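I have placed the structure first, in the form of structure tokens, so that the comments after it can refer back to it.
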Amino acid sequence: AVSARRLAPRLLVCPASASPPSVMLRNVMRPLAMLARPRGVLATPTAPAWRLAPIAPSRSFAAAAVKKPKMEDGTLEGRYATALFMASSDRLDKVYGDLANLRSMMQESKDFKLVVETPGIAPESKVAAFESICSKASIDGAVLNFLKVLIENKRMHLLQRMIDLFECFYRAEKGLVVCKVTSASALSST
Numbered sequence: 001a002v003s004a005r006r007l008a009p010r011l012l013v014c015p016a017s018a019s020p021p022s023v024m025l026r027n028v029m030r031p032l033a034m035l036a037r038p039r040g041v042l043a044t045p046t047a048p049a050w051r052l053a054p055i056a057p058s059r060s061f062a063a064a065a066v067k068k069p070k071m072e073d074g075t076l077e078g079r080y081a082t083a084l085f086m087a088s089s090d091r092l093d094k095v096y097g098d099l100a101n102l103r104s105m106m107q108e109s110k111d112f113k114l115v116v117e118t119p120g121i122a123p124e125s126k127v128a129a130f131e132s133i134c135s136k137a138s139i140d141g142a143v144l145n146f147l148k149v150l151i152e153n154k155r156m157h158l159l160q161r162m163i164d165l166f167e168c169f170y171r172a173e174k175g176l177v178v179c180k181v182t183s184a185s186a187l188s189s190t
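Mapping to the UniProt record's numbering: the sequence shown position 135 is 135, numbers consecutive.
This is the structure we're talking about:
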């Protein structure tokens, strides 16, 4: 029987006298072949020139804080919106408000929308403009970094759709539903 110790993940550590790649491949594949043998058959491999060292489980702090949206969109815009959602999971309300402000700026100002969607403007100029706008409007750093990535990857023309998808993710996370009420008579405020 194969012991649990043999099944534990291991890391190959290279000694001072390195072996050719074919020897390395044999030494890596031999333990895997032993696991594929039928039960009760024990193989005793010769001691390789490589020393096996246990791998310590590692987990980064950032991996612990990742929170995926409750719904998914596989489009390019959806992947960007998902990345922003996951990066800002601890301050969703602030980021959602900032994106809503950006959307309203794009709807109110044709010049702003033209700057956002025109690919002919130099990326450095766009970054400088957005840094200025974000500092004046006190927009969150995650949104500014998101905008910089969009500028760098030439995806600013998709910003409106990304904001819409982020809003969908936000509503799904908070359990909010958009509804439209139609009434035959005027409704009172009470």
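We put the beta carbon where it would ideally sit given N, CA and C, even for glycine.
Predicted model, so just to flag it, every value in this text is computed and none were measured.
Give the secondary structure of residue i by DSSP, where H, G and I count as helix, E and B as strand, and everything else as coil.
{"i": "C179", "result": "coil"}
{"i": "M162", "result": "helix"}
{"i": "M71", "result": "coil"}
{"i": "R155", "result": "coil"}
{"i": "L114", "result": "helix"}
{"i": "A172", "result": "helix"}
{"i": "I55", "result": "Any reading at I55 is ruled out, since the residue's pLDDT is 47, under 50, leaving its predicted position unreliable."}
Could you check where the alpha helix (DSSP H) with residue i kicks off and where it finishes?
{"i": "S104", "result": "L92 to E108"}
{"i": "L77", "result": "Reading off the sequence shown, one finds Glu at residue 77, where the question assumed Leu. L76 to A87 is the extent of the alpha helix (DSSP H) around E77."}
Give the single residue among the options whose Cα lies nearest to the Cα of residue i.
{"i": "A172", "options": "Y96, A87 and K110", "result": "Y96"}
{"i": "I139", "options": "P119, N153 and S88", "result": "S88"}
{"i": "D90", "options": "K68, N145, D164 and S104", "result": "K68"}
{"i": "K70", "options": "S188, K174 and V181", "result": "K174"}
{"i": "L144", "options": "L92, K154 and I133", "result": "I133"}
{"i": "K148", "options": "T182, S109, S185 and S125", "result": "S125"}
Using 8 Å for Cβ pairs, my map puts residue i next to residue j. What's the rounded Cβ distance?
{"i": "A142", "j": "L84", "result": "7 Å"}
{"i": "G78", "j": "L165", "result": "5 Å"}
{"i": "I151", "j": "L99", "result": "The pair is not a contact, with the Cβ atoms about 16 Å apart (cut-off 8 Å)."}
Legend entry - alpha helix (DSSP H) runs contained entirely in the stretch 121-152, provided each spans 4 or more residues: 123-136 and 141-152, all fully within the stretch 121-152.
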